[in-house]
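Presented below is the structure to which this report refers.
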Amino acid sequence: MLEESSLQPEWLSEEVSTGTTIIAIAFEGGVVIGSDSRVSAGASVVNRVMNKLSPLHDKIYCALSGSAADAQTMAEIVNYQLDVHSIEVGEDPLVRSAATLVKNISYKYKEELSAHLIVAGWDRRAGGQVYVTLDGLLARQPFAIGGSGSSYIYGFVDAEYRQGMTKKDCQEFVVNALALAMNRDGSSGGVAYFVTIDKDGTDEKCILGNKLPTFFDE
Amino acid sequence: MDRPPNPQNTGVSTGTTILAVKFNGGVIIGSDSRASIGGSYVSNKMINKLIQVHDKIFCCIAGSLADAQAVTKMAKFQLSFHSIQMEAPPLVKAAASVLKELCYNNREELQAGFITAGWDRKRGPQVYTVSMGGMLISQPFTIGGSGSTFIYGYADAKFKPDMSREECLQFTTNALTLAIGRDNVSGGVVHMVVITEDGVEHVVVPGDKLPKFHDE
Chain A
3 MLEESSLQPE
13 WLSEEVSTGT
23 TIIAIAFEGG
33 VVIGSDSRVS
43 AGASVVNRVM
53 NKLSPLHDKI
63 YCALSGSAAD
73 AQTMAEIVNY
83 QLDVHSIEVG
93 EDPLVRSAAT
103 LVKNISYKYK
113 EELSAHLIVA
123 GWDRRAGGQV
133 YVTLDGLLAR
143 QPFAIGGSGS
153 SYIYGFVDAE
163 YRQGMTKKDC
173 QEFVVNALAL
183 AMNRDGSSGG
193 VAYFVTIDKD
203 GTDEKCILGN
213 KLPTFFDE
Chain B
33 MDRPPNPQNT
43 GVSTGTTILA
53 VKFNGGVIIG
63 SDSRASIGGS
73 YVSNKMINKL
83 IQVHDKIFCC
93 IAGSLADAQA
103 VTKMAKFQLS
113 FHSIQMEAPP
123 LVKAAASVLK
133 ELCYNNREEL
143 QAGFITAGWD
153 RKRGPQVYTV
163 SMGGMLISQP
173 FTIGGSGSTF
183 IYGYADAKFK
193 PDMSREECLQ
203 FTTNALTLAI
213 GRDNVSGGVV
223 HMVVITEDGV
233 EHVVVPGDKL
243 PKFHDE
């Protein structure tokens, strides 16, 4: 590494990426969506407290991963499109509509963009829902994980997920999964943010690094 | 963390999931049973990746099958000679060191990593990892192979030191099943070897008897 030819620090030339861990899970009556807070440019951490949970509407959030610029721009565009749409129909948008707008951008600009957003929220028609929009597909799932840190927790989420989990179970599930991924993935870390969305509103929480769950070797 | 080698330039490779776990009184070493070429053709559905290098010392291999077989053959020979000279069964650490010497001295040509586990009179049950470049470390449990990335979270969350034999069998079977479920180059049956002071027991769990998780 010391022989690298560049005289500039790495973070000036490397693309800024939210190499990350994001997760969303639906329960009866709502969803919990969570993320870590590390933004890296190569080996440098350029932001250690970024909130990657971006509101698309009052009760619809998306979680950002991949290239930070691409993901933020997609979220802003969809936020605008959803505002227009909800004025046109005269009521709160469906989660599926938000996910479809994200999917349309992902699919149309597949070659140029490298970001993956998970869309989750609550609406009156179908309750809590989680949608994945990777590579331009649209699929509803009971839960979803994404980002570089997600590889390490596939086994954990497959083993721990059960149908019929309560809101509290889901919050614990999200925080445990994030903590495990943050421990193993070099591009994930910092604090854990999570948002619980149900018919009564949205509740944003942040768990600091030293309050995250610990495991046998800590 | 070791990445599996590029399938384009290695022959038959054990894209695989391997692990070894210490429990109260012994170790369990386990693996899947699939060997593939380039990730698109399964060349062997029932390969045994758990190689016995001495009576109570086993190792399992990840990476290029050819390299792994050559190295373990040489290690077996060196260990049996060593145990004749010492007039005692070899230490698990000795077995791991023999593998480490071979891996480190030939690190330019070889592409294989090993997990060594066993029982000896001096230190009881032990688990060692020899990485692809030749690093040797001892751990309470270790996972390896391409399928291992998917179970780091599960293993970190569920491992407890000093488990019983049954708990450890369950942990190992679950971990391998979850990895097989997500990694396309791991599959087949789950092979496990339980090594204790009393001896060695080989346990095979066929595909249809593996535990089922929520989406199956």
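Line by line, the protein sequences are chains A and B.
So my numbering is basically just the index in the first sequence, starting at one, shifted up by 2.
So my numbering is basically just the index in the second sequence, starting at one, shifted up by 32.
Heads up, the beta-carbon is just placed ideally off N, CA and C, and yes, glycines get one too.
Bear in mind the structure is a predicted one, so any value in this text is a computation, not a measurement.
Contained alpha helix (DSSP H) runs [length at least 4] in the stretch 100-161 of chain B, N- to C-terminal order: 124-137
Span of the beta strand (DSSP E) around residue 213(A): Along the first sequence, read from residue 1 onward, the residue named residue 213(A) stands at position 211. Looking at the DSSP string, residue 213(A) is not in any beta strand (DSSP E), and its letter there is neither H nor E.
Residue span of the alpha helix (DSSP H) that contains residue 168(B), given as start and end: What you label residue 168(B) is simply residue 136 of the second sequence in a count that begins at 1. From DSSP, residue 168(B) is part of no alpha helix (DSSP H) but of the beta strand (DSSP E) over 168-170.
Within 8 Å, strictly: CB atoms of residue 146(B) and residue 93(B): Working through the second sequence from its first residue, we reach residue 146(B) at position 114. Working through the second sequence from its first residue, we reach residue 93(B) at position 61. A contact, by the Cβ cut-off of 8 Å.
Helix, strand or coil at residue 35(B) [DSSP, three-state]: Within the second sequence, numbered from 1, the residue matching residue 35(B) stands at position 3. Residue confidence for residue 35(B) is low, a pLDDT of 41 falling below 50, so the modelled location carries little weight and cannot support an answer.
Residue 223(A), buried or exposed, once every other Cβ within 10 Å from all chains shown has been counted against 16: Residue 223(A) lies beyond the residue range present for chain A, which begins at 3 and ends at 220; the question has no answer from this structure.
Start-to-end residues for the alpha helix (DSSP H) that takes in residue 158(A): Translated into the one-based positions of the first sequence, residue 158(A) becomes position 156. First-last of the alpha helix (DSSP H) with residue 158(A): 156-162.
Member of 117(B), 230(B) and 109(B) whose CA lies at the smallest distance from the CA of residue 131(B): Position 99 of the second sequence, counting from 1, holds the residue named residue 131(B). Of the candidates 117(B), 230(B) and 109(B), the one whose C-alpha sits nearest the C-alpha of residue 131(B) is 109(B).
Exposed unless 16 or more other CB atoms sit within 10 angstroms - verdict on residue 178(A): The residue labelled residue 178(A) in the question sits at position 176 within the first sequence. The residue is buried, with at least 16 neighbouring Cβ atoms inside 10 Å.
DSSP-derived helix/strand/coil call for residue 10(A): Taking the first residue of the first sequence as 1, we reach residue 10(A) at position 8. Three-state DSSP puts residue 10(A) in coil, outside helix and strand.
Element boundaries [alpha helix (DSSP H), containing residue 165(A)]: If you number the first sequence from 1, residue 165(A) lands on position 163. Segment: none, residue 165(A) is in no alpha helix (DSSP H) and carries neither H nor E.
Burial state of residue 118(A), where buried means 16 or more other Cβ atoms lie within 10 Å: Counting from one through the first sequence, the residue named residue 118(A) turns up at place 116. Classification of residue 118(A): buried, given that the 10 Å Cβ count is 16 or more.
Near-chain A residues of the stretch 150-184 of chain B (beta-carbon distance less than 7 Å), N- to C-terminal order: 181, 182, 183 and 184
Any C-beta of chain B under 8 Å from that of residue 49(A): The count along the first sequence starts at 1 and reaches residue 49(A) at position 47. Taking Cβ atoms only, chain B never reaches closer than 8 Å to residue 49(A), which makes this a no.
Which of helix, strand or coil DSSP assigns to residue 242(B): Here residue 242(B) is taken as the residue at index 210 of the second sequence, counted from 1. Here residue 242(B) sits in coil by DSSP.
Residue 201(B) beta carbon less than 8 Å from that of residue 60(B): Here the question's residue 60(B) lines up with position 28 in the second sequence. Here the question's residue 201(B) lines up with position 169 in the second sequence. Yes, the Cβ-Cβ distance between residue 60(B) and residue 201(B) is below 8 Å.
Pairwise C-alpha distance: residue 78(A) and residue 71(A): Position 69 of the first sequence, counted from the start, is the residue given in the question as residue 71(A). Position 76 of the first sequence, counted from the start, is the residue given in the question as residue 78(A). Whole-angstrom Cα-Cα distance: 11 Å.
Three-way DSSP call (helix, strand, coil) for residue 184(B) in this model: As a working mapping, residue 184(B) is identified with position 152 in the second sequence. If DSSP states are grouped into helix, strand and coil, residue 184(B) belongs with the helices.
C-alpha distance - residue 88(A) paired with residue 63(A), whole-angstrom precision: Counting from 1 along the first sequence, the entry for residue 88(A) is found at position 86. Counting from 1 along the first sequence, the entry for residue 63(A) is found at position 61. Their Cα atoms are separated by approximately 15 Å.
Separation of residue 64(B) from residue 48(B), as counted between CA atoms: What you label residue 48(B) is simply residue 16 of the second sequence in a count that begins at 1. What you label residue 64(B) is simply residue 32 of the second sequence in a count that begins at 1. Computed Cα separation, rounded: 7 Å.
Positions along the stretch 203-218 of chain B whose CB lies within less than 8 Å of some CB in chain A: 206, 207, 210, 211, 213 and 214
Own chain partners of residue 237(B) with C-beta closer than 7 Å, once the 5 adjacent residues on each side are dropped: Taking the first residue of the second sequence as position 1, residue 237(B) is located at position 205. Around residue 237(B): 205, 221 and 222.
Beta carbon of residue 131(A) nearer than 8 Å to that of residue 97(A): As a working mapping, residue 131(A) is identified with position 129 in the first sequence. As a working mapping, residue 97(A) is identified with position 95 in the first sequence. In this structure, residue 97(A) lies closer than 8 Å to residue 131(A) by Cβ.
Per-residue contacts from residue 153(A) into chain B (C-beta, under 7 Å): Locating residue 153(A) in the first sequence gives position 151, counting from the first residue. What residue 153(A) touches in chain B: 181 and 182.
As assigned by DSSP and simplified to three states, the class of residue 224(B): Here residue 224(B) is taken as the residue at index 192 of the second sequence, counted from 1. Three-state DSSP puts residue 224(B) in a strand.
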